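Respectively, the protein sequence lines represent chains Z and S. At position 21 of the first sequence (counting the first as 1) the number is 21 in this note's numbering, and the numbers step up by one without a gap. At position 207 of the second sequence (counting the first as 1) the number is 281 in this note's numbering, and the numbers step up by one without a gap. The next block holds one structure in the form of structure tokens; read it before the comments.
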Amino acid sequence: MNQIQFKTNINCGGCIKSVTPFLNALDDIDAWQVNTEVAEKILTVETEVSPNEMGHKVIAAVSEAGFTIQLLAG
Amino acid sequence: MNTGSDNQIVHRTFPVVGMTCAACAVSLESYLGSLEGVISVVVSYPNQSVYIEFNEGELQEGRLGGAAKEIGYELVTNEADSGTEAAALRAATHLNTLKRKLRIAILCTAPIFLISMVFMNQIPHEGIIQFLLSLPVILFSGRDFYTNAIKKIKHQQTNMDSLVALSTATAFLYSSYQVVLYYLSLFDANPTLNHHATGQSAHRYHPHFYFESATVIITLILLGKFLEERAKTQSAKAIHDLLSLQPTQVTVLRNNIEITIPTAEIILGDFVIIKPGERIPVDGKVRSGSSYIDESAITGEPLPALKEKGSPVFAGTLNQQGTLKILAQKIGNQTLLAQIIARVEQALGSKPEIQKLADRISSIFVPTVFLIAVISALFWYFFPFNTPPQFALTTFINVLIIACPCALGLATPTALMVGIGKGAKHGILIKDAQALELANKITDIVFDKTGTLTLGKPMVAEMQIFQTAEHSETQILQILKSIESKSEHPLAQAIIEHIAGLSQSVATAANYELQSFTNLPGKGITTQINDVAYNLGSWKWIASKPNLNIDQRAQEISERLLNQAQTTIALSTENQILAIIGIKDPIKDSASQTLQALRDLDIQIHMLTGDNAQTAKAVADQLNINHVMAETLPNQKFDYIQMLQSQNRVVAMVGDGINDAQALAKSDVSFAMGTGSALAMESAAITLTGGQIRQIPKAIELSKQTLKTIRINLIWAFGYNVLAIPLAMGIFYPLFGYALNPMIAGAAMSFSSISVVLNSLWLAKKKIT
Numbered sequence: 001m002n003q004i005q006f007k008t009n010i011n012c013g014g015c016i017k018s019v020t021p022f023l024n025a026l027d028d029i030d031a032w033q034v035n036t037e038v039a040e041k042i043l044t045v046e047t048e049v050s051p052n053e054m055g056h057k058v059i060a061a062v063s064e065a066g067f068t069i070q071l072l073a074g
Numbered sequence: 075m076n077t078g079s080d081n082q083i084v085h086r087t088f089p090v091v092g093m094t095c096a097a098c099a100v101s102l103e104s105y106l107g108s109l110e111g112v113i114s115v116v117v118s119y120p121n122q123s124v125y126i127e128f129n130e131g132e133l134q135e136g137r138l139g140g141a142a143k144e145i146g147y148e149l150v151t152n153e154a155d156s157g158t159e160a161a162a163l164r165a166a167t168h169l170n171t172l173k174r175k176l177r178i179a180i181l182c183t184a185p186i187f188l189i190s191m192v193f194m195n196q197i198p199h200e201g202i203i204q205f206l207l208s209l210p211v212i213l214f215s216g217r218d219f220y221t222n223a224i225k226k227i228k229h230q231q232t233n234m235d236s237l238v239a240l241s242t243a244t245a246f247l248y249s250s251y252q253v254v255l256y257y258l259s260l261f262d263a264n265p266t267l268n269h270h271a272t273g274q275s276a277h278r279y280h281p282h283f284y285f286e287s288a289t290v291i292i293t294l295i296l297l298g299k300f301l302e303e304r305a306k307t308q309s310a311k312a313i314h315d316l317l318s319l320q321p322t323q324v325t326v327l328r329n330n331i332e333i334t335i336p337t338a339e340i341i342l343g344d345f346v347i348i349k350p351g352e353r354i355p356v357d358g359k360v361r362s363g364s365s366y367i368d369e370s371a372i373t374g375e376p377l378p379a380l381k382e383k384g385s386p387v388f389a390g391t392l393n394q395q396g397t398l399k400i401l402a403q404k405i406g407n408q409t410l411l412a413q414i415i416a417r418v419e420q421a422l423g424s425k426p427e428i429q430k431l432a433d434r435i436s437s438i439f440v441p442t443v444f445l446i447a448v449i450s451a452l453f454w455y456f457f458p459f460n461t462p463p464q465f466a467l468t469t470f471i472n473v474l475i476i477a478c479p480c481a482l483g484l485a486t487p488t489a490l491m492v493g494i495g496k497g498a499k500h501g502i503l504i505k506d507a508q509a510l511e512l513a514n515k516i517t518d519i520v521f522d523k524t525g526t527l528t529l530g531k532p533m534v535a536e537m538q539i540f541q542t543a544e545h546s547e548t549q550i551l552q553i554l555k556s557i558e559s560k561s562e563h564p565l566a567q568a569i570i571e572h573i574a575g576l577s578q579s580v581a582t583a584a585n586y587e588l589q590s591f592t593n594l595p596g597k598g599i600t601t602q603i604n605d606v607a608y609n610l611g612s613w614k615w616i617a618s619k620p621n622l623n624i625d626q627r628a629q630e631i632s633e634r635l636l637n638q639a640q641t642t643i644a645l646s647t648e649n650q651i652l653a654i655i656g657i658k659d660p661i662k663d664s665a666s667q668t669l670q671a672l673r674d675l676d677i678q679i680h681m682l683t684g685d686n687a688q689t690a691k692a693v694a695d696q697l698n699i700n701h702v703m704a705e706t707l708p709n710q711k712f713d714y715i716q717m718l719q720s721q722n723r724v725v726a727m728v729g730d731g732i733n734d735a736q737a738l739a740k741s742d743v744s745f746a747m748g749t750g751s752a753l754a755m756e757s758a759a760i761t762l763t764g765g766q767i768r769q770i771p772k773a774i775e776l777s778k779q780t781l782k783t784i785r786i787n788l789i790w791a792f793g794y795n796v797l798a799i800p801l802a803m804g805i806f807y808p809l810f811g812y813a814l815n816p817m818i819a820g821a822a823m824s825f826s827s828i829s830v831v832l833n834s835l836w837l838a839k840k841k842i843t
């Protein structure tokens, strides 16, 4: 199980609904969650595939949904 | 011609509900911007609104609202996402107007009828009272008859509306004229003036009015129209309500947390958690979990299908015992179920009205009567034979008035009402009276297979037990029952029921304890009882076991069952076969006899099924059906009906599933099984209670009887009036000195109405063979 974290501007419940179809469409994601309580609005993705491959897909999907996203190092 | 409007660029600003931060606005902007036909989008978070520039030819306003809803926002547009709600509203308004017209007509006609028929000549100023009461009936309630008649005349056509319009207008205008004459005569000392004006000296102090004749026919025909419209609106509403039969609350995974929300708030791409026994609310695919799903609602096939990761699932189908996480790919009115319902609504809405018998007769009767009136007027004009100067005009009017058959309004509705009541007694529930007028003309009947010709429930057709030294027959049955009791497989129940029917003692005995239980979906079950391993599952899986000894008898039985398209199941130990079971959906007892009865009526039989070709062939061979199509989709059934109709065949469809609904709606006469889905019953004109197809020939016989009754009714309705036409023409004037005696007109009306009602009631007494 690999965990990848991203910094986003997914601010609120409305944003989460907007991004849901894009992230759910990625077949290899086992689970994802956004912590909107923190300033960085951390998106955590769990996957069985390599973090590198998954990272690009997630960034593409979230950008397509109209949000800003960047990979958190480490 | 349309290209101008097809490329209409429009700018619109809509309020948005559901944006809670600025990032929401950006997200909505990018989602709407990606739609085809959208040129530019600006979402304003502070104003909670969106400004869109789009091409109206490529994109409907309602679609924008639908798209926003897919990601959880609501655009406040003026249009609903589909036209069906607007159509339903229009139908309801239409029905309400009709109801108001009918109420006014009844309210005004009742006193007119009493004044003219009961208190004859006893009420002072009865003429002016009747005139005032008639005004709303003619001008408000009956207005459509006149506008329709004018429209028809412009196309040089006439129908029942034309007859009603022509005769009621004449009767009303003539009677109004009589009222005027009556009051003039009160101030007039010279009676001869009036005598000359009407041509009937008796009319001076006792003028004769035909207000009741005009208003009664308008009221009766409005009543018939109202009953017909109400039946249509109710069924349209019932179909629309089926969409809301879906669960009201669903569990979805949002931000990795399970929450319960109303079904309408599911967004595209939601993960929906489906628990045991729940109905699927959306179209989508399985992301995790496995379960059997009863898809009979969509496919018509009774066996639940196994669903695993990646399998497609459809809204309206029923989950059995597993739990699934599914990805919502189509929601709301985009689902297959919603689209089937929309197509059913469309097919029902666009169904051509059959030309009714009364209309056909009127189309000849009206011009003929008019011609007779003109000829007799011309005759008296050129050959007056000492008649008063205006006799020609009076004759013209008299012919038109006497031709108005009040019983016409009763002829069809009373016969249909009695026919429908009679059908109900025989388990034939007729919703659309039009079907009763058409059923006797059927040339082709298209049957669905599963649930229509067959019971729609898998049952054990054959069970062969292989006794061994270690296993008695009772023991083998006991083992089967013990394993199947633990199985979630859809066929398990059929086997348990069959064993219960074979042996009371086995059915009541306690189950063996299963020491292990491994379920291999799609294959079977491996288990241990008293330290012996058993396999129970599909023949293909059992036969592939390496150590299994398959003797010649087992080989023959399994081949025979498979050739008959039966689902073949076996129970075995590591090396010996203990039982082979054939399961199939049995053909209804009455099927063969019913089809023969229909063939005797020169009706072609067809069978369409969503099932595989092999099973379809087995059933068709047994029932002797030549026209068979297997593995059909709902659309293909619809097309098949349309194809037959294009060859001028009158096509009936018999079915039970949601997959049959489109075809049912398209066909000329449709029969649904009372045991089937609600959508099929609402789409069909006739429902057979208990799914008894043997009632179909009876329905056809009933149709014949009803149509015959309508014909005789029409003869009664027109007959007396036709006999009185020569009187109205003035044929007897030179002999007896009068043209039309109003008493004769009144008697003709009453006699024909009574005859029509009695004749309709007589239909109830006739036997259906």
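Just so it is clear, CB atoms sit at the ideal spot from N, CA and C, and this is done for glycine as well. If you're wondering where the values come from, they're calculated on a predicted model, not measured in any experiment.
For residue i and residue j, which I take to be in contact (beta-carbon distance under 8 angstroms), what is that distance rounded to the nearest angstrom?
i                 : j                 : result
Gly343 of chain S : Phe22 of chain Z  : 7 angstroms
Leu401 of chain S : Lys359 of chain S : 6 angstroms
Arg355 of chain S : Val324 of chain S : According to the sequence provided, residue 355 of chain S is Pro. The question's Arg does not apply to it. That pair is a contact at about 5 angstroms.
Leu297 of chain S : Ser436 of chain S : In fact, because the Cβ distance is near 18 angstroms, the residues do not count as touching under 8 angstroms.
Leu675 of chain S : Ile767 of chain S : That belief does not hold up - the Cβ atoms of Leu675 of chain S and Ile767 of chain S are roughly 14 angstroms apart, past 8 angstroms.
Ile784 of chain S : Thr486 of chain S : 5 angstroms
Thr683 of chain S : Lys531 of chain S : The Cβ separation is near 16 angstroms, so there is no contact.
Please check if any C-beta of chain Z sits within less than 9 angstroms of the C-beta of residue i.
i                 : result
Cys182 of chain S : no
Tyr105 of chain S : yes
Leu401 of chain S : yes
Met75 of chain S  : Bear in mind that a pLDDT of 39 at Met75 of chain S, under 50, signals an unreliable position, so the model cannot answer this.
Thr94 of chain S  : yes
Pro120 of chain S : no
Arg361 of chain S : yes
Leu342 of chain S : yes
Phe144 of chain S : In the sequence as presented, Phe is not what sits at residue 144 of chain S; that position holds Glu. Yes, contact with chain Z.
Tyr147 of chain S : yes
Phe345 of chain S : yes
Ile348 of chain S : no
Asp155 of chain S : Because Asp155 of chain S sits at a pLDDT of 46, beneath the cut-off of 50, its placement in the model cannot be relied upon, and the following sentence gives the value as read from the coordinates. Not an interface residue.
Leu398 of chain S : no
Val862 of chain S : Chain S is shown only over 75 to 843; residue 862 of chain S falls outside these bounds and no answer can be derived.
Arg353 of chain S : no
Does chain S have any CB closer than 9 angstroms to the CB of residue i?
i                : result
Lys7 of chain Z  : no
Leu72 of chain Z : no
Lys57 of chain Z : no
Asn2 of chain Z  : no
Ala65 of chain Z : yes
Val19 of chain Z : yes
Ile69 of chain Z : no
Val34 of chain Z : yes
Which same chain residues end up closer than 6 angstroms to residue i when comparing Cβ atoms and leaving out the 5 residues on each side of it in sequence?
i                 : result
Gly844 of chain S : No information on residue 844 of chain S is available, as it lies outside the stretch 75 to 843 that chain S covers here.
Lys57 of chain Z  : Leu26
Phe521 of chain S : Leu527, Met681 and Val728
Please return the same chain residues whose Cβ sits closer than 7 angstroms to the Cβ of residue i, not counting the five positions on each side in sequence.
i                 : result
Gln769 of chain S : His500, Gly501, Ile502 and Leu762
Phe283 of chain S : Ser190, Gly201, Gln204, Ser249 and Gln252
Leaving out five residues before and five after residue i in sequence, what residues of the same chain have Cβ atoms less than 8 angstroms from its Cβ?
i                 : result
Asn623 of chain S : Asn649, Gln650 and Ile651
Asn621 of chain S : Glu648 and Asn649
Taking 8 angstroms as the threshold, find out whether the segment 434–448 of chain S comes into contact with the segment 208–220 of chain S through three or more Cβ pairs.
-> Between the segment 434–448 of chain S and the segment 208–220 of chain S there are fewer than three C-beta pairs closer than 8 angstroms, too few to call the two in contact.
In chain order, which continuous runs of the alpha helix (DSSP H) of length 4 or greater are located wholly inside the segment 337–418 of chain S?
-> Correct list: 370–373.
Segments of 4+ residues assigned as alpha helix (DSSP H) that fall wholly inside the segment 471–531 of chain S | As far as the segment 471–531 of chain S is concerned, its whole alpha helix (DSSP H) runs of at least 4 residues are 482–499 and 507–512.
Go through the segment 171–239 of chain S residue by residue and report every complete run of the alpha helix (DSSP H) that reaches 4 residues or more, in order.
-> Those alpha helix (DSSP H) runs which fall completely within the segment 171–239 of chain S and span 4+ residues are 200–210 and 217–228.
Any alpha helix (DSSP H) of 4 or more consecutive residues that is wholly inside the segment 112–151 of chain S | The segment 112–151 of chain S is shown to contain whole alpha helix (DSSP H) runs of 4 or more residues at 135–144, in chain order.
Are the segment 504–523 of chain S and the segment 730–750 of chain S touching, with three or more C-beta to C-beta distances below 8 angstroms?
-> Put simply, the segment 504–523 of chain S touches the segment 730–750 of chain S. At least three CB pairs are less than 8 angstroms apart.
Is it a yes or a no for the segment 535–546 of chain S touching the segment 750–760 of chain S, going by three-plus beta-carbon pairs under 8 angstroms?
-> In the pairwise beta carbon analysis, the segment 535–546 of chain S is classified as not touching the segment 750–760 of chain S: fewer than three pairs are separated by under 8 angstroms.
Any beta strand (DSSP E) of 3 or more consecutive residues that is wholly inside the segment 616–676 of chain S | Within the segment 616–676 of chain S, the complete beta strand (DSSP E) runs of at least 3 residues are 641–646 and 651–658.
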